[in-house]
Amino acid sequence: MMAKAKFDQIKGFVFDLDGVITDTSVYHSIAWHQLADKLGVTWTKTLEDGLKGISRMDSLEMILKAGNKENDYTQEEKVALATEKNDNYVNEIMKMTPANILPGIKPFLDELRSNGYLISLASASKNGPTVLDKLALTDYFPEIVDPATLSKGKPDPEIYVKGAELLNLKPEECIGVEDAAAGVQAINAANETSIGIGDPTILSEADINFKETAEMTLDAIKQAL
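Counting in the working numbering, the sequence shown runs from 1 upward without gaps.
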């Protein structure tokens, strides 16, 4: 695949949060597990895996279905249960510390900063600023896309277009960093250079692929481009 930009054209980096900077999926699982216990639904590995990457209400439906309870609650009660799950989740992420930063990310952010690159966050999570605060990374992300301003989710490019706009850069001057196929598609559709972190067969559309966060350095990116 042809790289979209030469290395010396790049001026900014737009980061996804989950699976790139830290991994909050474990906290989502804990919060859903707490709710399942409360509802008397047996928690299984299959259920846990099934909830990955789907919306809050869809996740709740899946849990209720697993316990044959999908008709036991009104829509209003379901919304209240989903809100309770989010409260559980927020309580869990409050326990995060800089030790929860994924390997190599802090040195990479330091490297970007000392080389004058601009950095923004493009996460669909409303809890993004809280998570950055707990990881002590707030200073690295002066610009954060507010998910409330978005009309479409990934793979739509909107969030990555905004991530570049916040830095006053053209999309082709930015590299987007993602761990999900839909996110990589969003970066590509925004006309930014895409880095996919994870399984290269799943992230085959990425311009550059790193199996793990620790492999990502400016030098490695330069060589890939």
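Note that the Cβ used here is the ideal one computed from N, Cα and C, for glycine as well.
Beta-ladder partner(s) of residue i, from DSSP
| i | result |
| --- | --- |
| N209 | G196 |
| E178 | G196 |
| T22 | D18, I101 |
| I144 | L121 |
Helix, strand or coil at residue i according to DSSP, with G and I counted as helix
| i | result |
| --- | --- |
| I10 | coil |
| A220 | helix |
| D72 | coil |
| N188 | helix |
| A5 | coil |
| N168 | coil |
| K162 | helix |
| I54 | coil |
| T44 | coil |
| L225 | coil |
| L203 | coil |
| D156 | coil |
| S226 | This structure cannot speak to residue 226, because the chain is shown only from 1 to 225. |
| L248 | In the structure as shown, the chain starts at 1 and stops at 225, and residue 248 therefore has no counterpart that could be examined. |
| G183 | helix |
Beta-carbon gap between residue i and residue j smaller than 8 Å
| i | j | result |
| --- | --- | --- |
| T217 | E111 | yes |
| T24 | V131 | yes |
| G155 | A136 | Per the sequence shown, the amino acid found at residue 155 is Pro instead of Gly. In this structure, A136 does not lie closer than 8 Å to P155 by Cβ. |
| D181 | I159 | One detail in the question is off: residue 181 reads as Ala in this sequence, not Asp. No, the pair does not count as a contact, with Cβ atoms beyond the cut-off. |
| L167 | S120 | yes |
| Y27 | I93 | yes |
| I105 | I21 | yes |
| E173 | G12 | yes |
| A31 | K85 | yes |
| G196 | A189 | no |
| A214 | P103 | yes |
| A122 | F210 | no |
| K45 | T97 | no |
| L35 | N88 | yes |
| A66 | L47 | yes |
| K222 | F7 | yes |
| D37 | W43 | yes |
- Query: Taking only runs of the alpha helix (DSSP H) that begin and end inside the region 89-140, which ones reach a length of at least 4 residues, in chain order?
  - Reply: Runs found: 105-114, 128-134.
- Would you check if the region 48-63 and the region 72-87 touch, i.e. whether three or more CB-CB distances between them fall below 8 Å? When C-beta atoms of the region 72-87 are compared with those of the region 48-63, three or more pairs fall below 8 Å, so the two segments count as touching.
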